[in-house]
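Novice: Quick one: structure below, then a few questions.
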Amino acid sequence: MDWAAVPVDAGNSTLGRKEETGFLNTLDIHPRTSHSMPTIVLTEDEWDAQFDTLLPTFTDLFTAGVDSTKLGGEVKSIVDDHPTSACVEALATTLIQAGESSPKSVDTAVQAIASLRTQFGKTEIRFSENDHTFLYVFDVRFLDLLNTTLNGLQLGQPSQKTIDPSNQTLTSALLSASALQHGLIERSSIPYRLAYDGLQLNGAKSKKGKQEVNAIGALIHLALAGKKMMAGELGQLHDKEAVVRALKENVAIEHSRAQALLQLTVENAENNFSKSYTAEEAWNVLFPN
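All residue numbers for the sequence shown refer to my numbering, where the first residue is 95 and numbers rise by one.
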(Lines of atoms letter the chains of each structure in order from A and count residues from 1; the text may use other names and numbers.)
(Lines give C-alpha, C1' and ligand atoms only; values in the text may rest on other atoms or scores of the structure.)
Protein backbone atom coordinates (compact mmCIF):
# COMPACT_ATOMS: atom_id res chain seq x y z
CA MET A 1 0.00 0.00 0.00
CA ASP A 2 1.19 3.48 -0.80
CA TRP A 3 1.83 5.76 2.19
CA ALA A 4 -0.74 8.41 1.33
CA ALA A 5 -0.82 11.06 4.02
CA VAL A 6 -4.05 12.06 5.68
CA PRO A 7 -4.45 15.86 5.36
CA VAL A 8 -3.17 17.67 8.40
CA ASP A 9 -5.98 19.21 10.43
CA ALA A 10 -5.39 21.10 13.67
CA GLY A 11 -8.65 19.71 14.98
CA ASN A 12 -7.95 16.16 13.87
CA SER A 13 -5.81 13.87 16.01
CA THR A 14 -4.31 12.09 12.98
CA LEU A 15 -1.99 14.46 11.19
CA GLY A 16 -0.48 11.85 8.96
CA ARG A 17 -1.14 8.13 8.96
CA LYS A 18 1.44 5.93 7.27
CA GLU A 19 1.44 2.26 6.45
CA GLU A 20 4.41 -0.05 6.88
CA THR A 21 5.20 -0.66 3.22
CA GLY A 22 5.69 2.55 1.31
CA PHE A 23 7.57 5.81 1.19
CA LEU A 24 6.38 9.35 0.62
CA ASN A 25 9.67 11.18 0.61
CA THR A 26 12.22 11.33 -2.20
CA LEU A 27 15.29 10.85 -0.03
CA ASP A 28 17.74 8.13 -0.96
CA ILE A 29 17.26 4.96 1.10
CA HIS A 30 20.20 2.77 2.03
CA PRO A 31 19.11 -0.47 3.67
CA ARG A 32 20.86 -1.52 6.86
CA THR A 33 21.65 -5.20 7.02
CA SER A 34 23.67 -5.38 10.23
CA HIS A 35 21.75 -5.41 13.51
CA SER A 36 21.71 -7.42 16.72
CA MET A 37 18.11 -8.58 16.50
CA PRO A 38 15.42 -8.71 13.81
CA THR A 39 13.37 -5.57 13.36
CA ILE A 40 9.65 -5.74 14.02
CA VAL A 41 7.46 -6.03 10.92
CA LEU A 42 3.85 -4.98 11.45
CA THR A 43 0.83 -5.83 9.37
CA GLU A 44 -1.29 -2.89 8.27
CA ASP A 45 -3.85 -3.62 10.97
CA GLU A 46 -1.14 -3.91 13.62
CA TRP A 47 0.41 -0.65 12.43
CA ASP A 48 -2.92 1.17 12.67
CA ALA A 49 -3.65 -0.27 16.10
CA GLN A 50 -0.25 0.69 17.47
CA PHE A 51 -0.46 4.22 16.05
CA ASP A 52 -3.94 4.66 17.53
CA THR A 53 -2.64 3.54 20.93
CA LEU A 54 0.58 5.55 20.98
CA LEU A 55 -0.79 8.85 19.70
CA PRO A 56 -2.92 9.56 22.82
CA THR A 57 -0.16 8.14 25.02
CA PHE A 58 2.36 10.64 23.66
CA THR A 59 -0.25 13.40 23.76
CA ASP A 60 -0.89 12.80 27.46
CA LEU A 61 2.85 12.93 28.14
CA PHE A 62 3.38 16.13 26.17
CA THR A 63 0.56 17.88 28.01
CA ALA A 64 1.48 16.67 31.51
CA GLY A 65 3.62 19.72 32.27
CA VAL A 66 6.76 17.74 33.15
CA ASP A 67 10.28 19.03 32.49
CA SER A 68 12.28 18.03 29.42
CA THR A 69 14.43 15.49 31.30
CA LYS A 70 11.46 13.54 32.63
CA LEU A 71 9.63 13.83 29.33
CA GLY A 72 12.68 12.54 27.46
CA GLY A 73 12.91 9.55 29.78
CA GLU A 74 9.25 8.68 29.26
CA VAL A 75 9.54 8.99 25.48
CA LYS A 76 12.67 6.82 25.47
CA SER A 77 10.86 4.11 27.41
CA ILE A 78 8.02 4.06 24.89
CA VAL A 79 10.40 3.95 21.93
CA ASP A 80 12.38 1.13 23.54
CA ASP A 81 9.16 -0.86 23.85
CA HIS A 82 7.87 0.03 20.37
CA PRO A 83 10.76 0.22 17.85
CA THR A 84 8.49 0.65 14.82
CA SER A 85 7.56 3.20 12.20
CA ALA A 86 4.11 3.46 13.82
CA CYS A 87 5.84 4.79 16.94
CA VAL A 88 7.80 7.26 14.80
CA GLU A 89 4.61 8.51 13.19
CA ALA A 90 2.84 8.89 16.52
CA LEU A 91 5.78 10.78 18.03
CA ALA A 92 6.24 13.11 15.04
CA THR A 93 2.50 13.77 14.85
CA THR A 94 2.28 14.53 18.56
CA LEU A 95 5.16 17.00 18.33
CA ILE A 96 3.46 18.85 15.48
CA GLN A 97 0.20 18.97 17.42
CA ALA A 98 1.99 20.14 20.59
CA GLY A 99 3.42 23.05 18.63
CA GLU A 100 -0.11 24.06 17.64
CA SER A 101 -1.89 23.53 20.96
CA SER A 102 0.82 24.80 23.36
CA PRO A 103 3.26 26.97 21.38
CA LYS A 104 4.79 28.66 24.43
CA SER A 105 5.74 25.25 25.88
CA VAL A 106 7.18 23.82 22.69
CA ASP A 107 10.82 24.19 23.83
CA THR A 108 10.27 21.50 26.47
CA ALA A 109 9.02 18.95 23.94
CA VAL A 110 11.75 19.82 21.44
CA GLN A 111 14.54 19.59 24.02
CA ALA A 112 13.22 16.25 25.27
CA ILE A 113 13.26 14.66 21.82
CA ALA A 114 16.52 16.34 20.76
CA SER A 115 18.22 14.75 23.78
CA LEU A 116 17.31 11.32 22.38
CA ARG A 117 18.87 11.71 18.94
CA THR A 118 21.91 9.60 19.85
CA GLN A 119 19.69 6.86 21.26
CA PHE A 120 17.39 7.03 18.24
CA GLY A 121 20.45 6.57 16.03
CA LYS A 122 21.15 3.22 17.69
CA THR A 123 17.62 1.86 17.35
CA GLU A 124 16.77 0.09 14.11
CA ILE A 125 13.26 -0.24 12.76
CA ARG A 126 11.50 -1.48 9.65
CA PHE A 127 10.62 1.29 7.21
CA SER A 128 9.64 1.07 3.56
CA GLU A 129 10.61 -2.61 3.42
CA ASN A 130 14.14 -1.93 4.67
CA ASP A 131 15.87 -1.43 8.02
CA HIS A 132 16.79 2.10 9.07
CA THR A 133 17.51 3.87 12.31
CA PHE A 134 14.63 5.33 14.28
CA LEU A 135 16.46 8.66 13.98
CA TYR A 136 16.51 8.57 10.18
CA VAL A 137 12.82 7.74 9.93
CA PHE A 138 11.89 10.34 12.55
CA ASP A 139 13.79 13.02 10.63
CA VAL A 140 12.02 12.07 7.40
CA ARG A 141 8.55 12.03 8.89
CA PHE A 142 8.86 15.03 11.23
CA LEU A 143 10.30 17.23 8.50
CA ASP A 144 7.62 16.12 6.05
CA LEU A 145 4.84 16.99 8.50
CA LEU A 146 6.56 20.24 9.49
CA ASN A 147 6.92 21.30 5.86
CA THR A 148 3.23 20.57 5.30
CA THR A 149 1.99 22.68 8.21
CA LEU A 150 4.56 25.45 7.83
CA ASN A 151 3.71 26.02 4.19
CA GLY A 152 -0.03 25.32 4.32
CA LEU A 153 0.11 22.28 2.06
CA GLN A 154 -2.77 20.40 3.71
CA LEU A 155 -5.59 19.47 1.38
CA GLY A 156 -8.61 21.66 1.94
CA GLN A 157 -6.80 23.91 4.42
CA PRO A 158 -7.63 27.61 3.93
CA SER A 159 -4.71 29.99 3.52
CA GLN A 160 -3.30 31.13 6.86
CA LYS A 161 -3.51 34.93 6.56
CA THR A 162 -4.89 36.10 9.91
CA ILE A 163 -2.25 37.09 12.47
CA ASP A 164 -3.39 35.34 15.64
CA PRO A 165 -2.19 32.53 17.96
CA SER A 166 -4.12 29.92 15.96
CA ASN A 167 -2.26 30.65 12.72
CA GLN A 168 -0.69 27.31 11.82
CA THR A 169 2.13 28.88 9.83
CA LEU A 170 3.18 30.87 12.89
CA THR A 171 2.90 27.99 15.38
CA SER A 172 4.84 25.80 12.95
CA ALA A 173 7.46 28.52 12.55
CA LEU A 174 7.90 28.60 16.32
CA LEU A 175 8.29 24.81 16.41
CA SER A 176 10.70 24.90 13.47
CA ALA A 177 12.79 27.65 15.07
CA SER A 178 12.91 25.82 18.40
CA ALA A 179 13.90 22.59 16.65
CA LEU A 180 16.73 24.40 14.87
CA GLN A 181 17.86 26.18 18.04
CA HIS A 182 17.99 23.00 20.13
CA GLY A 183 19.46 20.65 17.53
CA LEU A 184 16.38 18.59 16.73
CA ILE A 185 16.77 19.77 13.13
CA GLU A 186 20.38 19.41 12.02
CA ARG A 187 20.33 19.41 8.23
CA SER A 188 17.23 20.81 6.58
CA SER A 189 16.49 23.66 4.20
CA ILE A 190 12.94 24.07 5.54
CA PRO A 191 13.65 26.86 8.08
CA TYR A 192 15.87 28.70 5.62
CA ARG A 193 13.32 28.66 2.81
CA LEU A 194 10.80 30.46 5.02
CA ALA A 195 13.47 32.94 6.13
CA TYR A 196 14.40 33.74 2.52
CA ASP A 197 10.73 34.13 1.66
CA GLY A 198 9.95 36.39 4.61
CA LEU A 199 13.06 38.52 4.11
CA GLN A 200 12.74 38.47 0.30
CA LEU A 201 16.25 37.16 -0.11
CA ASN A 202 17.55 34.99 -2.95
CA GLY A 203 14.74 36.26 -5.17
CA ALA A 204 12.07 34.63 -3.00
CA LYS A 205 8.54 36.03 -3.19
CA SER A 206 5.59 35.18 -0.94
CA LYS A 207 2.26 34.17 -2.41
CA LYS A 208 -0.33 36.92 -2.51
CA GLY A 209 -1.76 37.50 0.95
CA LYS A 210 1.00 35.53 2.68
CA GLN A 211 3.71 38.21 2.76
CA GLU A 212 3.09 39.40 6.31
CA VAL A 213 2.58 35.92 7.75
CA ASN A 214 5.77 34.62 6.15
CA ALA A 215 7.69 37.71 7.25
CA ILE A 216 6.62 37.10 10.86
CA GLY A 217 7.57 33.44 10.47
CA ALA A 218 11.03 34.56 9.39
CA LEU A 219 11.28 36.89 12.41
CA ILE A 220 10.38 34.01 14.72
CA HIS A 221 13.17 31.90 13.24
CA LEU A 222 15.69 34.70 13.64
CA ALA A 223 14.56 35.47 17.19
CA LEU A 224 15.14 31.91 18.37
CA ALA A 225 17.84 30.64 16.03
CA GLY A 226 19.40 33.67 14.33
CA LYS A 227 22.88 32.88 15.63
CA LYS A 228 22.62 29.29 14.45
CA MET A 229 21.24 30.33 11.06
CA MET A 230 24.07 32.82 10.55
CA ALA A 231 26.52 30.05 11.40
CA GLY A 232 24.77 27.89 8.83
CA GLU A 233 23.25 28.35 5.40
CA LEU A 234 21.94 31.89 5.91
CA GLY A 235 25.33 33.23 6.96
CA GLN A 236 27.07 31.39 4.14
CA LEU A 237 24.95 33.25 1.59
CA HIS A 238 24.42 36.61 3.31
CA ASP A 239 26.55 38.60 5.73
CA LYS A 240 25.18 40.43 8.75
CA GLU A 241 24.80 43.71 6.87
CA ALA A 242 22.69 42.05 4.17
CA VAL A 243 20.39 40.45 6.74
CA VAL A 244 19.99 43.73 8.65
CA ARG A 245 19.29 45.56 5.40
CA ALA A 246 16.66 42.99 4.42
CA LEU A 247 14.99 43.35 7.82
CA LYS A 248 14.86 47.13 7.47
CA GLU A 249 13.95 47.40 3.80
CA ASN A 250 12.16 44.22 2.74
CA VAL A 251 9.94 43.34 5.69
CA ALA A 252 6.57 45.12 5.53
CA ILE A 253 4.49 44.43 8.64
CA GLU A 254 1.30 46.12 9.81
CA HIS A 255 0.55 44.02 12.89
CA SER A 256 1.61 46.16 15.86
CA ARG A 257 3.07 43.36 17.98
CA ALA A 258 4.91 41.93 14.99
CA GLN A 259 6.41 45.38 14.44
CA ALA A 260 7.77 45.15 17.99
CA LEU A 261 9.31 41.76 17.20
CA LEU A 262 10.78 43.22 14.01
CA GLN A 263 12.48 46.03 15.94
CA LEU A 264 13.89 43.58 18.49
CA THR A 265 15.14 41.35 15.67
CA VAL A 266 16.86 44.25 13.90
CA GLU A 267 18.65 45.21 17.12
CA ASN A 268 19.59 41.59 17.76
CA ALA A 269 20.90 41.15 14.22
CA GLU A 270 23.02 44.28 14.55
CA ASN A 271 24.52 42.68 17.67
CA ASN A 272 25.29 39.41 15.86
CA PHE A 273 22.23 37.72 17.37
CA SER A 274 23.75 37.79 20.84
CA LYS A 275 20.35 36.88 22.32
CA SER A 276 18.55 33.65 21.52
CA TYR A 277 14.93 34.02 22.54
CA THR A 278 12.97 31.14 24.03
CA ALA A 279 9.77 30.10 22.29
CA GLU A 280 7.77 31.58 25.15
CA GLU A 281 9.61 34.92 24.98
CA ALA A 282 9.11 35.32 21.24
CA TRP A 283 5.46 34.24 21.39
CA ASN A 284 4.77 36.66 24.24
CA VAL A 285 6.11 39.53 22.14
CA LEU A 286 3.65 38.64 19.38
CA PHE A 287 0.72 37.63 21.53
CA PRO A 288 1.06 38.96 25.09
CA ASN A 289 -1.41 37.67 27.65
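Using N, Cα and C, we set each Cβ at its ideal position, and we do this for glycine too.
Just the C-alpha distance for L264 and A309, rounded to the nearest angstrom, thanks.
Specialist: Mapped onto the sequence shown, residue 264 falls at position 170. Mapped onto the sequence shown, residue 309 falls at position 215. For L264 and A309, the distance between alpha carbons rounds to 10 angstroms.
Novice: Do W377 and L278 have their beta-carbon atoms positioned less than 8 angstroms apart in this structure?
Specialist: Within the sequence shown, the letter at position 184 stands for residue 278. Within the sequence shown, the letter at position 283 stands for residue 377. No, they are not a contact pair.
Novice: So does the segment 178-197 actually touch the segment 151-168, counting three or more Cβ pairs closer than 8 angstroms?
Specialist: The segment 178-197, when compared against the segment 151-168, does touch it at the 8 angstroms Cβ threshold.
Novice: So, is A143 buried or exposed, given that buried needs 16 or more other C-beta atoms within 10 angstroms?
Specialist: Walking along the sequence shown from the start, residue 143 turns up at place 49. A143 should be labelled exposed.
Novice: Considering only DSSP beta bridges, list what H398 is partnered with.
Specialist: Outside the modelled stretch of the chain, which goes from 95 to 383, sits residue 398, for which no answer is possible.
Novice: Thinking I207 and T178 are a contact (beta carbons under 8 angstroms), I'd like their distance in whole angstroms, please.
Specialist: Within the sequence shown, the letter at position 113 stands for residue 207. Within the sequence shown, the letter at position 84 stands for residue 178. Not quite, the Cβ-Cβ distance comes to about 17 angstroms (not below 8 angstroms), so this is no contact.
Novice: Going by alpha carbons, who is nearest to R211 out of N344, H315, L355, G167?
Specialist: In the sequence shown, residue 211 corresponds to position 117, counting from 1. Comparing Cα-Cα distances from R211 to each of N344, H315, L355, G167, the minimum goes to G167.
Novice: Can at least three beta-carbon pairs, one atom from the segment 222-230 and one from the segment 281-301, be found at a separation below 8 angstroms?
Specialist: Because the criterion of three Cβ pairs below 8 angstroms is not met, the segment 222-230 and the segment 281-301 do not touch.
Novice: Within this structure, are the beta carbons of A317 and T359 separated by less than 8 angstroms?
Specialist: Position 223 of the sequence shown, counted from the first residue, corresponds to residue 317. Position 265 of the sequence shown, counted from the first residue, corresponds to residue 359. Taking 8 angstroms as the Cβ cut-off, A317 and T359 qualify as a contacting pair.
Novice: Using beta-carbon positions only, say whether H315 and Q205 come within less than 8 angstroms of one another.
Specialist: What you label residue 315 is simply residue 221 of the sequence shown in a count that begins at 1. What you label residue 205 is simply residue 111 of the sequence shown in a count that begins at 1. Not a contact, by the Cβ cut-off of 8 angstroms.
Novice: How is A346 classed by DSSP in three states: helix, strand or coil?
Specialist: Counting from one through the sequence shown, the residue named residue 346 turns up at place 252. Correct three-state label for A346: coil.
Novice: Just to confirm my understanding: we take F145, look at its own chain, exclude 5 residues before and 5 after, and list those with CB closer than 7 angstroms. What are they?
Specialist: By 1-based counting over the sequence shown, the position of residue 145 is 51. For F145, where only same-chain residues beyond five positions count, the Cβ hits under 7 angstroms are R111, A180, E183, A184.
Novice: Over what stretch of residues does the alpha helix (DSSP H) that includes H176 continue unbroken?
Specialist: Along the sequence shown, one-based indexing puts residue 176 at 82. Here H176 belongs to no alpha helix (DSSP H), and DSSP marks it neither H nor E.
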